[in-house]
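Per numbering that gives the first Met the number 0, residue 0 is the first one in the sequence shown, and the count goes up by one each step.
Glycine is no exception: its CB is placed at the ideal position from the N, C-alpha and C atoms.
Worksheet: the structure to be examined is printed underneath.
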Amino acid sequence: MLKYKYTILWAVWVIIIVTLCFISPPQVPDAPRIPYLDKIAHFGFYFGYTCLFIAAFYNETKRFHSTKKCFLWAFITAVILGGLIELLQGSLTVNRSGDIMDVFFNTFGTIVALCFMTRFRVLFR
């Protein structure tokens with residue numbers, strides 16, 4: 000079994016988040032419009048980020064000896080990553096713009112993941 004599977008998954012997840020947030024969205028002319036799909040995606044990105052962070056750094060590498068400390072760092076890093084991406088989208092990209100509601104949904108996904116992992120982190124062993 001792979002020793003650091005959640006750590007690797009977390010790193011890949013971060014790369015996916017950053018990549019998807021900076022590439023130009025594809026133009027699909029006949030695609031059905033799903034209201035607030037981008038907000039659902041932001042929620043899911045950061046829900047996954049937070050779950051994988053805790054699985055990697057608390058359960059797998061034992062980097063944190065306290066659950067509270069790990070959860071706090073998961074929250075802090077998710078908020079910083081999400082906020083930084085939105086700031087950079089607004090200043091470095093042409094086809095994207097920073098959106099405070101994206102930051103809100105990133106944070107909401109993180110908070111829901113923290114609640115989820117409070118109860119179910121044993122599943123990630």
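In the structure shown, Leu83 falls within a helical segment according to DSSP collapsed to helix, strand and coil. Asn94 has its alpha-carbon roughly 8 Å from the corresponding atom of Ile22.
Taking C-beta separations shorter than 7 Å and ignoring five residues to either side along the sequence, Ile79 has no partners in its chain. Here Thr18 is not near Phe74, since their CB atoms are 7 Å or more apart.
Between Val102 and Glu85, the gap from beta carbon to beta carbon is short of 7 Å. Per the coordinates, the alpha-carbon of Thr92 lies some 20 Å from the alpha-carbon of Phe44. Per the coordinates, the alpha-carbon of Thr60 lies some 8 Å from the alpha-carbon of Tyr3. A direct Cα-to-Cα measurement between Pro34 and Leu87 gives close to 25 Å. Rounded to the nearest whole angstrom, the C-alpha separation of His41 and Trp72 is 19 Å.
For Thr106, the CB contacts under 8 Å within the same chain, skipping 5 residues up- and downstream, are Tyr45, Ala77, Val78, Gly81 in chain order. Boundaries of the alpha helix (DSSP H) around Phe42: 36-53.
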